[in-house]
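Written below as structure tokens is the structure these notes are about.
Numbering (this note's numbering), first residue to last: 103 to 306.
Shown next as structure tokens:
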């Protein structure tokens with residue numbers, strides 16, 4: 103079996119489990135310390151954090167020694183890779199450690215990326231493309247781009263991003279979520295898998 107096929111088999115998440123992780127991550131407590139645009143930013147960052155933790159929990163329950171982190175998370179456990187800023191909004195990766203005689207301690211490091219995820223809630227195709235192209239440069243077996251849910255089921259995103267999606271290696275998902283400014287009313291989301299964007303799930 104090729105390494106790519108081994109990775110997909112080892113790290114595959116059943117679709118229903120992935121739906122559940124997405125849904126649970128969108129359950130965010132109201133924080134009255136924010137308002138307006140700051141509140142929308144708080145909501146989107148909270149979702150990113152919850153989604154990262156949900157993915158980590160799934161893999162750890164299934165015996166993988168993984169870490170999940172994102173740009174807003176400061177990892178303080180010295181036994182885990184110390185990453186405050188990384189290329190992707192969310193990275194899920196296996197890790198190991200080696201003994202350093204210089205430090206006289208174990209030094210953790212990432213051995214294998216599993217998920218590389220980018221999100222852009224600004225309704226700006228240029229900014230979306232900037233983030234999407236990072237997925238082209240990654241080598242994780244699973245990748246996801248998160249965009250706002252636009253008009254006509256985000257057909258403009260699906261059409262425009264198809265030009266980039268065909269360049270991405272691995273299994274690629276596109277998750278469209280209603281803009282955080284609408285979350286107080288109803289959160290809608292749609293999940294697509296690349297293969298000319300097959301709709302997997304719709305929550306309204």
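Even glycine gets a Cβ: it sits at the ideal position worked out from N, Cα and C.
Per DSSP, residue 221 is one residue of the beta strand (DSSP E) stretching across 207-221. The three-state secondary structure of residue 123, taken from DSSP, is helix. In the three-state reduction of the DSSP assignment, residue 195 falls in the strand class. Look at residue 281 here: in three-state DSSP terms it is coil, with no helix or strand label. Looking at the backbone, the Cα of residue 212 and that of residue 170 are separated by about 11 Å.
Nearest C-alpha to residue 245 among 257, 270, 232, 225: 270. For residue 114, same chain residues with a beta-carbon under 6 Å away, outside a window of 5 residues either side, do not exist.
In this chain, the beta strand (DSSP E) harbouring residue 169 covers 168-172.
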